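Q: Dumping the structure here so I can ask a few things about it.
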Amino acid sequence: MLIVVNRLFVKKEMRKEFEAFIGSRMQFIADSSVLEYSLEKPVKSILGDTDHYLLRSVWRDLNHLQEWLGTPGFHEAHIKLRNRQEFYFQENELLYYETMEQGKGTP
């Protein structure tokens, strides 16, 4: 499996607006061949604060991701995002991972 992680460095004062905007775009990926996707938001904890969001998607393989990148849904989901740079305080990072092991923890 291929995991794609987009680290999004959103300004604190823009977080609510960003969450609403991204939430309005998530249906596009839901309609794709993605196996799993999620948006994780920053939290404060005793271990330290997080300053970025993670937009994570899991694909069967690179071919399935590449198919998605060529669809009208992908382009529609990203067209309005290109003009929304006011959300960010730093350039976003796009990371790719291949699953080596998979397990399930105890609840």
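Its first residue numbered 390, the sequence shown is counted upward by one per residue in this note's numbering.
Cβ atoms here follow ideal geometry from the backbone N, Cα and C, with glycine treated the same way.
This one's a predicted model, so the numbers in the text were calculated from it and none came from an experiment.
Ends of the beta strand (DSSP E) at E487?
A: 482-487
Q: What does DSSP give as the partner residue(s) for V423 in the beta ladder?
A: Looking at the DSSP assignment, V423 forms no beta bridge with any residue, so it has no partner.
Q: Identify the continuous alpha helix (DSSP H) that holds I468 and give its terminal residues.
A: 461-468
Q: Cutting at 6 Å between CB atoms, please list the residues of its own chain near K430, excluding the five before and the five after it.
A: Once the five neighbours on either side are set aside, the close Cβ partners of K430 are Y442.
Q: Measuring CA to CA, which of E406, I435, L458, L397 is closest to D420?
A: Taking each of E406, I435, L458, L397 in turn and checking the Cα distance to D420, the smallest one comes out for L458.
Q: Can you tell me whether E490 is helix, strand or coil according to DSSP?
A: Correct three-state label for E490: coil.
Q: On a Cα-Cα basis, can you pick out the residue from Y485, A409, T439, T460 that is closest to F398?
A: T439
Q: Alpha carbon to alpha carbon, how far is Q474 from F407? Give it in angstroms, no decimals.
A: 11 Å
Q: Taking E482 as the reference, which of R404, L444, E402, E490 has the closest Cα?
A: Here the closest residue by C-alpha is L444.
Q: Which residue from K405, Y426, K400 puts its Cα closest to that of M390?
A: Y426
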